Amino acid sequence: TIGVQNFVRQTEKFTAAATLAPVDIDFEAAGFDLSGRLISVSDLGYVHIRYARQRVKDLLQAWIYHLIYCHTAPPDYKSSSYLICKDSAVRFEPLAESRPLLETLLQVYRQGLEIPIHFFPESSFEYAEQLLRRTQPETIALLRAGRKWIGSEFYKFADGESSDPYYDLCFRHLDPLDDEFCKIALSVFEPLLTHSRAIIL
Numbered sequence: 154t155i156g157v158q159n160f161v162r163q164t165e166k167f168t169a170a171a172t173l174a175p176v177d178i179d180f181e182a183a184g185f186d187l188s189g190r191l192i193s194v195s196d197l198g199y200v201h202i203r204y205a206r207q208r209v210k211d212l213l214q215a216w217i218y219h220l221i222y223c224h225t226a227p228p229d230y231k232s233s234s235y236l237i238c239k240d241s242a243v244r245f246e247p248l249a250e251s252r253p254l255l256e257t258l259l260q261v262y263r264q265g266l267e268i269p270i271h272f273f274p275e276s277s278f279e280y281a282e283q284l285l286r287r288t289q290p291e292t293i294a295l296l297r298a299g300r301k302w303i304g305s306e307f308y309k310f311a312d313g314e315s316s317d318p319y320y321d322l323c324f325r326h327l328d329p330l331d332d333e334f335c336k337i338a339l340s341v342f343e344p345l346l347t348h349s350r351a352i353i354l
């Protein structure tokens, strides 16, 4: 299709880049043993290409891989990472000290294994982005996050995160967008927003 052809043409710079040896992962952080291999590495850095609309889930996953990549890549590798989707592209800048940021995320993950935490990717990202990138007042940021949580009755397929049965089970009798929600949202997404920027392909 024309859409696929355009996407292939737009991403040619990345797909044509020289492939480098995979980066092996084997280290401990925040009480977790991390092991594996990053294979999508080129002389441009670590590149993830996905022919789909960008989701917060994709952004967060790419950020985690970027933190691991910056910590483990050889010194002669470029430490930038890229997330390229059909509707947007993001560059993550090199980080000399990525491990503390990764450990913060792992601590949030561990907390979530023990108790239900007030972290909901779409709503949490909306709050952080409105507050930090769009410099909106906190009241507006929370209002926009609330719309992500509740959803919209005017648009098809616009269910909010609150419709998730697991979220509903855990938070139906609580205020999900409380102080804990704000604190976790910023701890997860503030570094990501600080060290990333949209790029034009």
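In this note's numbering, the protein residues as written are 154 to 354.
Even for Gly, the Cβ is constructed at its ideal location relative to N, Cα and C.
Model, not experiment: these values are computed from the prediction.
Helix, strand or coil at residue i [DSSP, three-state]
i      : result
Leu345 : helix
His271 : coil
Asp196 : coil
Ile237 : strand
Leu187 : strand
Ala249 : coil
Ala338 : helix
Ala281 : helix
Thr292 : helix
His326 : coil
Ala351 : strand
Cα-Cα separation, residue i to residue j
i      : j      : result
Thr323 : Trp302 : Note that residue 323 is Cys in the sequence shown, not Thr. The straight-line gap from Cα to Cα measures roughly 14 Å.
Leu173 : Arg297 : 42 Å
Ala242 : Ile353 : 7 Å
Asp344 : Leu254 : With the sequence shown as reference, residue 344 is identified as Pro, and Asp is not the correct amino acid for it. Each residue's alpha carbon lies about 8 Å from the other.
Arg203 : Ile293 : 32 Å
Tyr320 : Val341 : 19 Å
Leu197 : Pro175 : 13 Å
Tyr218 : Arg190 : 10 Å
Ser232 : Tyr222 : 7 Å
Thr164 : Arg244 : 13 Å
Gly156 : Cys238 : 12 Å
Glu181 : Gln158 : 42 Å
Asp240 : Val161 : 13 Å
Asp331 : Arg350 : 28 Å
Ser316 : Pro274 : 14 Å
Ala249 : Tyr230 : 13 Å
Thr288 : Leu295 : 13 Å
Gly299 : Ile270 : 17 Å
Thr154 : Glu333 : 46 Å
From the options, residue whose alpha carbon lies closest to that of residue i
i      : options                        : result
Thr257 : Ala351, Trp216, Asp177         : Trp216
Glu246 : Tyr199, Arg263, Gln264         : Tyr199
Phe278 : Thr164, Leu212, Ile178, Ile268 : Leu212
Ala183 : Gln260, Phe273, Ala281         : Gln260
Val209 : Ser195, Asp229, Leu236, Ile192 : Leu236
Asp264 : Ile337, Asp332, Arg287         : Reading off the sequence shown, one finds Gln at residue 264, where the question assumed Asp. The shortest Cα separation from Gln264 among Ile337, Asp332, Arg287 belongs to Ile337.
Ala170 : Val194, Pro269, Asp331         : Val194
Lys166 : Gln207, Asp177, His201         : His201
Asp177 : Ile192, Asp186, Thr168         : Ile192
Phe185 : Arg252, His326, Gln283         : Arg252
Contact test: residue i Cβ vs the ligand PLP heavy atom, cutoff 8 Å
i      : result
Ala351 : The ligand PLP is absent from the structure shown, which contains no ligand whatsoever.
Beta-carbon proximity check, residue i vs residue j, cutoff 9 Å
i      : j      : result
Ser276 : Pro318 : no
Thr347 : Leu285 : yes
Glu291 : Cys335 : yes
Leu339 : Ala281 : yes
C-beta neighbour in chain D for residue i, strict 9 Å
i      : result
Phe185 : Looking at the structure shown, chain D is missing, and only one protein chain is on hand.
Residues near residue i by beta carbon distance below 7 Å, same chain, minus five either side
i      : result
Gly313 : Lys301, Trp302, Ile303, Gly304
6 Å Cβ shell around residue i - same chain, five flanking residues per side excluded
i      : result
Ser188 : Ile178, Asp179
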